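First the structure, in the form of structure tokens, and then the observations on it.
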Amino acid sequence: MLSQSHILLPALLYAETHFRFFRFFPSLIYKKEPEIIFDLPRRLEPGYDLPVILIINDIDRFPVECISVDITISGPSKKTQLFQFQNIKKYIITHPFPSQSVIYLFTIPRNKLADGNNFINCTATIKKQKKNIKILNDNLFGSSKLSFSCFLADCSLPGHNFASYGDLHVHSQYSQSHVEFGAPVSVIDLFSKSYGIDFVAITDHSYDLACSMENYLKPDDQLKRWVSISEEISNPAELDKSLYAGIIYANRVDNSATVTKNIKNTLVLGEEISCLNSKRKAVHLCGIGLKNFFYGTLDGARKNNKMKNQLTIESSIAQIHDQQGVAFAAHPGSKAKWLQQVFLNRGTWKTCDISLKLDGVQAINNGFDKSWDSAKKLWIKELLKGHKLSLAAGNDSHGDFNRYRYLAIPFISIKELFNRYFGNSITGIYSKISSQHDVVKGLKDGKTFVTTGPFLNISFSSKPCESIISNKEIDISNATISISLISTCEFGYPFSVVLYCGDYQKQKETKIFRKVFNDKNLSVSEEIPTANFPEHGYLRAEAKCKNNDKLNYSATSPCYFSCNKIT
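Just so you know, the numbering used here puts the end of the sequence shown at 568, numbered straight through with nothing missing.
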């Protein structure tokens, strides 16, 4: 007999197309061939070659052979170029699941490409039994097969001299189930550095990490998945050595071996923990900077989802802090769908669930949308109570480096979101990051902002390069506050800045400053005197930049202050 969770699963997760209830169950998206998917970064930092991966998944069930790969690129000022890759086996990279998938890494030299937006098409020649077939970009039934896009930047992310950037909610190939698979940790490392960000928190599902390496439906008391990912992240030298021995350069299409930069990034070990809220429903909590595994299997559609073994939000936070980690509510503005509520016992973050010991909220989950508005309301309510909560951003990406492919209707159709991808929404920390400890400390100290591009800061006018955003209360008596917004042509000119002030005594947040910009300056700064500020409260800022019709947003964590009045 099929469990309810198995009945629902295809509608809830990601596009692994081979799941069926039984052998002859009808499915339009099912094919007797592995999933074949190309992917590449949406943005390329100056000085980096363009990496492209090809994932052939479920190779153990549907054996095929890749014969060759052709990649065509159309840039803004160059004619369409063709890059051909033969002798394909030399591009295979190692990873922890070699029996289940084969992954290839190809590299296009940066000096062959033009800055600006480039359009890329990837074609694989696949030998299936006795015939060759051509796969354009992917072989998913009903997908668009449209070109990938990649913006080749001519400068680093805005404000990179004053901050470090990272994605705090990323899934790897260890998040694996009936309907999803992802990319290796080593590829996430490479692609994140190529994109231009400085750190990544790998937060795989607790219910996936509790399963066997060989079979994602079977529990594993030895926790080999957790052990494996811990070793990968804690010992970066043990990541695929081919990626760090020059393959990004030596395996270029021109076979040159010029090594220009160390591509290793700062990786942070985390976990997306399924835990119980106040109504005994499953919500997700991101623990970052962990040492030990957290059990949370309630909503994983597995047989090991016994209620008695589940952690509460409070107990999870306590254990995270015992490990010197930080705890963030994962996408608290997203509401669980009713089918998820019924079959997977999923709930939604409420005000009563925001524990006083929570370190922050991942209010941004792939953009400033309705979920941001909902999360912001929860966040502001807690700030006015005196609860110091920092902002975090991530994209909940399972691969999805260039676009998000997902199951729209179970067994029937695949759809794509071109505005959802790794690195779209990122967390800024007002310091330079070089280790997992630095990331955890920056988050714990509340020195963060969230953005889809622009750099935003609050400082004293006398020290404009130093941020005053942190969990430490400061005295701003008789001071002048400065709001700084920095952008680049990539993200557009400053459009508006807003400063909000939370008054603890009045239990109210008000807008105390707003300015709209009409000129074409990429960097702006505004000064605000503190004479009319309340005695105790917080400040936070929001900003927008406009690039043609697209808006890019930024929002800061609070600056907590006291302001002694002179009478």
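Cβ coordinates follow ideal geometry from the N, Cα and C atoms, glycine included.
Here the structure is a predicted model, which means the values were calculated and not measured.
**Report entry** Nonlocal neighbours in the same chain, by C-beta distance under 6 Å from residue 49, ignoring five residues either side
**Finding:** Here residue 49 is taken as the residue at index 48 of the sequence shown, counted from 1. Correct list, in chain order: 195.
Report task. Please name the residue in 475, 403 and 493 whose C-alpha comes closest to that of residue 146. Result -> Locating residue 146 in the sequence shown gives position 145, counting from the first residue. Measuring from the Cα of residue 146, the nearest candidate turns out to be 403.
**Report entry** Segment contact, 8 Å Cβ cut-off, at least three pairs: the region 98-105 with the region 145-163
**Finding:** no
**Report entry** Pick from 428, 514 and 526 that is closest to residue 164, judged by C-alpha positions
**Finding:** Looking up residue 164 in the sequence shown gives position 163. When each option's Cα is compared against that of residue 164, the closest is 428.
**Report entry** residue 78 and residue 119 closer than 8 Å at C-beta
**Finding:** Here residue 78 is taken as the residue at index 77 of the sequence shown, counted from 1. Here residue 119 is taken as the residue at index 118 of the sequence shown, counted from 1. In this structure, residue 119 does not lie closer than 8 Å to residue 78 by Cβ.
Report task. Leaving out five residues on either side along the sequence, give the residues of the same chain with a beta carbon under 8 Å from the beta carbon of residue 475. Result -> Mapped onto the sequence shown, residue 475 falls at position 474. Taken in chain order, the residues that qualify are 469, 560, 561, 562 and 563.
Requested in this report: Can you give me the start and stop residues for the alpha helix (DSSP H) that residue 234 sits inside?
Outcome: Here residue 234 corresponds to residue number 233 of the sequence shown, with the count starting at 1. Per DSSP, residue 234 belongs to the alpha helix (DSSP H) from 225-235.
**Report entry** Contacts around residue 545, its chain only, beta-carbon distance under 6 Å, and the 5 residues preceding and following it disregarded
**Finding:** For the purposes of this step, residue 545 is taken as the residue at position 544 of the sequence shown. 496, 497, 552 and 554, listed in sequence order.
Report task. For residue 441, I'd like the list of residues in its chain whose CB is within less than 8 Å of its CB, leaving aside the five on either flank, ordered along the chain. Result -> Position 440 of the sequence shown, counted from the start, is the residue given in the question as residue 441. So the qualifying residues of the chain are 269, 289, 290, 325, 326 and 327.
Requested in this report: Kindly indicate the opening and closing residues of the alpha helix (DSSP H) around residue 319.
Outcome: Position 318 of the sequence shown, counting from 1, holds the residue named residue 319. Here the alpha helix (DSSP H) through residue 319 covers 314-323.
Query - Opening and closing residue of the alpha helix (DSSP H) in which residue 365 lies - result: Position 364 of the sequence shown, counted from the start, is the residue given in the question as residue 365. Taken as a continuous stretch (DSSP letters only), residue 365 belongs to no alpha helix (DSSP H), being part of the beta strand (DSSP E) at 361-366.
Query raised in the report: Would the beta-carbon of residue 541 fall within 8 Å of that of residue 558?
Result: Indexing the sequence shown from 1 puts residue 541 at position 540. Indexing the sequence shown from 1 puts residue 558 at position 557. Yes, the pair counts as a contact, with Cβ atoms nearer than the cut-off.
Query - Sufficient close CB pairs (3 or more, under 8 Å) joining the region 382-392 to the region 131-139 - result: no
Query raised in the report: Would you call residue 365 buried or exposed, if buried means 16 or more other Cβ atoms sit within 10 Å of its Cβ?
Result: The count along the sequence shown starts at 1 and reaches residue 365 at position 364. So residue 365 counts as buried.
Query raised in the report: What does residue 44 pair with, by DSSP beta-bridge criteria?
Result: Taking the sequence shown and counting its residues from 1, one reaches residue 44 at position 43. DSSP lists 152 as partners of residue 44.
Query raised in the report: How long is the line joining the alpha carbons of residue 512 and residue 336, rounded to whole angstroms?
Result: Position 511 of the sequence shown, counted from the first residue, corresponds to residue 512. Position 335 of the sequence shown, counted from the first residue, corresponds to residue 336. Spanning the two alpha carbons is a distance of roughly 28 Å.
Query raised in the report: If you scan the region 26-101 from start to end, which runs of the beta strand (DSSP E) of 3 or more residues do you find wholly inside it?
Result: 36-40, 51-58, 66-75 and 82-86
Query raised in the report: Hey, how far is the Cα of residue 297 from the Cα of residue 276?
Result: Mapped onto the sequence shown, residue 297 falls at position 296. Mapped onto the sequence shown, residue 276 falls at position 275. Whole-angstrom Cα-Cα distance: 6 Å.
Report task. Starting from the C-beta of residue 356, find all residues in its chain whose C-beta is less than 8 Å away, skip the five residues before and the five after it, and write them out in chain order. Result -> Looking up residue 356 in the sequence shown gives position 355. 314, 315 and 318, listed in sequence order.
**Report entry** Per-residue burial, residue 452 [other beta carbons within 10 Å of its own, 16 or more giving buried]
**Finding:** As a working mapping, residue 452 is identified with position 451 in the sequence shown. Buried, by the Cβ-count rule.
**Report entry** Burial state of residue 535 (16 or more Cβ within 10 Å)
**Finding:** Counting from one through the sequence shown, the residue named residue 535 turns up at place 534. So residue 535 counts as buried.
Query raised in the report: Mapping DSSP to helix, strand and coil, what is residue 480?
Result: Indexing the sequence shown from 1 puts residue 480 at position 479. It is coil, neither helix nor strand.
Query - For residue 281: DSSP bridge partner residues - result: For the purposes of this step, residue 281 is taken as the residue at position 280 of the sequence shown. Partner(s): none; residue 281 has no beta bridge.
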